[in-house]
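Reviewing the structure listed below.
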Amino acid sequence: MGMLLGLDLGTEGARVGAFTTDGVALGSVHRPYRTTFPRAGWAEQDPQDWWASLVDASRTLLATPACRAAGPVVAVASATTASTVAVLDADGVPLRPAILWMDSRASPQADRTATFAAEHPILAWSGGSDASEWLLPKAMWLKEHQPETYDRAARIVEAVDYLTFRLTGRWVGSQMNAVCKYNYDGLEGAFPTALYAALGMADLVPKLPDEILPVGSVVGALTATAAAELGVVGEPPVCIGGIDAHVSLLACGSPAGVVSLVSGTSSAIVAEVEDPVTTTEVWGPYPHALRTSRWLVEGGQVTSGSVLKWTGENLMGVARENLSTLVAGAAAVDPGAHGIRALDTFMGNRTPYRDARLRGAVVGLTLGTTREELYRAAIEAVACGTRGVIDSFVRAGVACDRLVFSGGIEKNPLWQQISVDVLGREAEIVAGDNLTLRACAVVGAAGAGLVRDLDEGAAAYAPTTRTLTPDPAHHEVYRQTYDDYVGLLAALTPIMHESVDRLARR
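Okay, so the sequence shown: first residue is 1 according to full-length UniProt numbering, each after it adds one.
Take a look at the structure:
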């Protein structure tokens with residue numbers, strides 16, 4: 001008897017889940033925290049809020065009858081948003097708010113990394129350059145714009161590294177985050193010191209975690225202090241997790257031909273390949289990021305569910321509990337008749353355009369446009385962004401035999417249906433489960449020795465899914481919608497760039 005505890009720091013809040021040692025979900029608890037937007041394109045959170053929300057969620061969950069009856073916690077694993085960068089003193093106390101993954105302020109610094117691609121081949125593993133979301137460009141921005149804070153910082157780390165420190169007292173990083181977000185060499189097991197030096201960032205290395213370990217490794221025991229705060233009895237092992245969306249692959253069963261589409265506030269679209277692919281349209285291929293026998297590729301949308309939230313809740317003023325009525329009304333709209341085209345790039349584009357200076361847009365509005373038509377157009381824009389990523393995977397030679405959706409999209413049936421209608425292919429949707437938490441259970445089981453390795457855990461803990469089938473007639477309509485989406489983005493890109501640059505100069 002016993003249970004596996006998963007900790008997930010998402011964009012909108014912390015979620016803690018518990019599973020039996022044979023993979024049965026015992027429940028989960030979510031606690032929100034605040035995001036601030038100090039300037040256009042900026043987004044920040046307080047790491048102290050992360051921990052407070054985790055503590056509240058964990059204590060609440062572990063007090064439930066199901067968890068009390070399951071026995072002690074036998075392992076803890078965590079996953080977080082990636083490229084959410086915490087700036088801390090030696091004791092782990094924040095020196096400034098964490099810079100959230102969606103924050104695009106470091107776009108000029110990211111562009112600078114591309115100029116070193118020929119000289120530093122390691123950049124080929126990130127498609128030729130770093131993205132503005134990633135730790136290295138954000139650290140560069142901090143050094144240039146807030147040098148006193150940079151100099152005072154003992155640690156500049158990913159959110160998952162901060163969480164590992166709070167759990168164990170050790171500065172140990174996830175190899176997944178290190179490889180995917182700050183150019184760590186997963187083959188040689190070394191920081192890219194030459195690249196850092198070329199960018200004027202040689203002094204970043206001592207601020208990063210002291211040790212980098214693969215996903216599934218044991219960092220150490222949960223400290224007595226952390227255990228008491230979280231409501232955990234004993235000091236179970238803490239196992240290295242990683243990026244919330246990326247570890248979701250561990251909850252999809254066999255990795256062959258699987259693409260995991262974690263669609264919530266943003267959309268992260270990830271797959272693993274046996275041999276590296278060469279393309280500048282995706283992030284990666286990353287060596288030894290998840291399974292040390294495979295390469296990981298990543299695409300995604302900076303804003304997806306957040307666009308729908310903004311449209312329905314912020315713009316239209318529809319309360320979250322009433323969104324189902326708006327969704328039902330939008331489902332009745334003829335996709336070929338409303339005439340609206342929208343772009344989902346509110347905070348830039350991850351892939352395939354890799355452009356942090358893109359912004360959202362809507363064209364085709366009339367005085368007769370209804371809120372249902374506008375909401376449907378927003379979903380169609382998000383689905384077109386998803387198709388752009390999948391098409392780029394196909395062009396790169398990544399097998400996309402099985403698409404598995406999970407995340408916030410599960411709560412919006414119209415988003416699900418329009419996505420497969422635009423894609424023109426079947427997909428699976430995870431039913432009533434959180435893939436990140438389930439993947440944490442796989443990681444914990446591997447670290448605790450309950451399974452031989454991550455592959456065995458992935459097979460044993462696979463979730464239940466159902467199939468989404470596209471409407472052939474709607475897919476034909478959406479062929480033109482997608483072409484319009486691509487054309488509109490091309491036409492507006494120069495205007496968006498000038499607007500963003502003008503604001504940056506103010």
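Where is the CB? At the ideal position from N, CA and C, for every residue including glycine. None of the values given here were measured: they were computed from a predicted structure.
Quick one: is residue i buried, meaning 16 or more other Cβ sit within 10 Å of its Cβ, or exposed?
{"i": "His338", "result": "buried"}
{"i": "Met1", "result": "exposed"}
{"i": "Glu372", "result": "buried"}
{"i": "Glu498", "result": "exposed"}
{"i": "Gly457", "result": "buried"}
{"i": "residue 564", "result": "Nothing can be reported for residue 564: it is not among the residues displayed for the chain, which extend from 1 to 506."}
{"i": "Ala43", "result": "buried"}
{"i": "residue 513", "result": "Here the chain comprises residues numbered 1 to 506, so residue 513 is not present and cannot be evaluated."}
{"i": "Ala377", "result": "buried"}
{"i": "Ser260", "result": "buried"}
{"i": "Leu315", "result": "exposed"}
{"i": "Asp483", "result": "exposed"}
{"i": "Arg105", "result": "buried"}
Looking at the strands, I want to know which residues DSSP matches up with residue i.
{"i": "residue 511", "result": "Any answer about residue 511 is impossible in this case: the structure gives the chain only from 1 up to 506."}
{"i": "Glu211", "result": "Val172"}
{"i": "Leu4", "result": "Phe19, Ala75"}
{"i": "Trp283", "result": "Glu298"}
{"i": "Thr80", "result": "Leu9, Ile243"}
{"i": "Asp185", "result": "Ala190"}
{"i": "Pro94", "result": "Leu88"}
{"i": "Ala14", "result": "Leu9, Arg31"}
{"i": "Ile99", "result": "Glu44, Val85"}
Determine whether the beta carbon atoms of residue i and residue j lie at a separation below 9 Å.
{"i": "residue 523", "j": "Ala245", "result": "The chain is shown from 1 up to 506; residue 523 falls before or after that span and cannot be answered."}
{"i": "Ala79", "j": "Asp22", "result": "no"}
{"i": "Arg170", "j": "Glu211", "result": "yes"}
{"i": "Ser107", "j": "Gly348", "result": "yes"}
{"i": "Arg438", "j": "Gly13", "result": "no"}
{"i": "Ser174", "j": "Ile240", "result": "yes"}
{"i": "Leu123", "j": "Ser129", "result": "yes"}
{"i": "Ser58", "j": "Val29", "result": "yes"}
{"i": "Leu208", "j": "Ala178", "result": "yes"}
{"i": "Leu54", "j": "Ala18", "result": "no"}
{"i": "Ser293", "j": "Phe405", "result": "no"}
{"i": "Arg387", "j": "Glu428", "result": "no"}
{"i": "Cys180", "j": "Trp283", "result": "yes"}
{"i": "Ala198", "j": "Glu272", "result": "no"}
{"i": "Ala356", "j": "Ala52", "result": "no"}
{"i": "Arg354", "j": "Gly127", "result": "yes"}
{"i": "Leu503", "j": "Ala40", "result": "yes"}
{"i": "Thr60", "j": "Arg31", "result": "yes"}
{"i": "Val218", "j": "Ala227", "result": "no"}
{"i": "Ala117", "j": "Ala98", "result": "no"}
{"i": "Thr303", "j": "Val333", "result": "no"}
{"i": "Trp101", "j": "Thr11", "result": "yes"}
Just curious, the beta strand (DSSP E) that residue i is in, first and last residue?
{"i": "Arg320", "result": "Note, Arg320: premise wrong, no beta strand (DSSP E); not H, not E."}
{"i": "Val262", "result": "258-263"}
{"i": "Leu343", "result": "341-343"}
{"i": "Leu488", "result": "Looking at the DSSP string, Leu488 is not in any beta strand (DSSP E); the run it does join, the alpha helix (DSSP H), is 472-505."}
{"i": "Ile269", "result": "267-273"}
{"i": "Pro413", "result": "It is not in any beta strand (DSSP E) - Pro413 instead sits in the alpha helix (DSSP H) that spans 413-423."}
{"i": "Pro237", "result": "237-243"}
{"i": "Gly388", "result": "That residue, Gly388, is in no beta strand (DSSP E); its alpha helix (DSSP H) goes 371-396."}
{"i": "Thr225", "result": "Run containing Thr225: none in the beta strand (DSSP E); it sits in the alpha helix (DSSP H), 224-230."}
{"i": "Glu428", "result": "427-430"}
{"i": "Arg466", "result": "465-468"}
{"i": "Val333", "result": "Segment: none, Val333 is in no beta strand (DSSP E) and carries neither H nor E."}
{"i": "Ser406", "result": "402-406"}
{"i": "Gly220", "result": "218-221"}
{"i": "Glu158", "result": "155-158"}
{"i": "Ala86", "result": "85-88"}
{"i": "Val362", "result": "361-363"}
Can you list, in chain order, the residues of its chain whose CB lies under 7 Å from that of residue i, leaving out five sequence neighbours each side?
{"i": "Thr436", "result": "Asp8, Ala79, Asp244, Val247, Ser248"}
{"i": "residue 531", "result": "A query on residue 531 cannot be resolved here, the shown segment of the chain reaching from 1 to 506 and no further."}
{"i": "Pro38", "result": "Glu44"}
Start and end of the alpha helix (DSSP H) containing residue i?
{"i": "His30", "result": "His30 -> not in any alpha helix (DSSP H); beta strand (DSSP E) instead, spanning 25-32."}
{"i": "Gly444", "result": "435-447"}
{"i": "Glu313", "result": "Here Glu313 belongs to no alpha helix (DSSP H), and DSSP marks it neither H nor E."}
{"i": "Ala194", "result": "193-198"}
{"i": "Glu119", "result": "Glu119 -> no alpha helix (DSSP H), and no H or E assigned at all."}
Within its chain, find whatever has a CB closer than 8 Å to the CB of residue i; leave out the 5 residues flanking it on each side and keep chain order.
{"i": "Glu152", "result": "This sequence places Arg at residue 152; Glu is not what is there. Once the five neighbours on either side are set aside, the close Cβ partners of Arg152 are Asp89, Leu95."}
{"i": "Leu454", "result": "Val215, Gly216, Leu250, Leu290, Arg291, Val442, Val443, Ala446"}
{"i": "Ser392", "result": "Thr279, Glu281, Val282, Gly299, Thr351, Pro352"}
{"i": "residue 507", "result": "Since the first residue shown for the chain is 1 and the last is 506, residue 507 is missing from the structure and cannot be characterised."}
Give me, in chain order, the residues of the same chain whose beta-carbon lies closer than 6 Å to that of residue i; leave out the 5 immediate sequence neighbours on both sides.
{"i": "Tyr478", "result": "Asp421, Val422"}
{"i": "Tyr150", "result": "Leu142, Lys143"}
{"i": "Pro285", "result": "Pro276, Val277, Trp295, Val297"}
{"i": "Val389", "result": "Ile269, Gly299, Thr351"}
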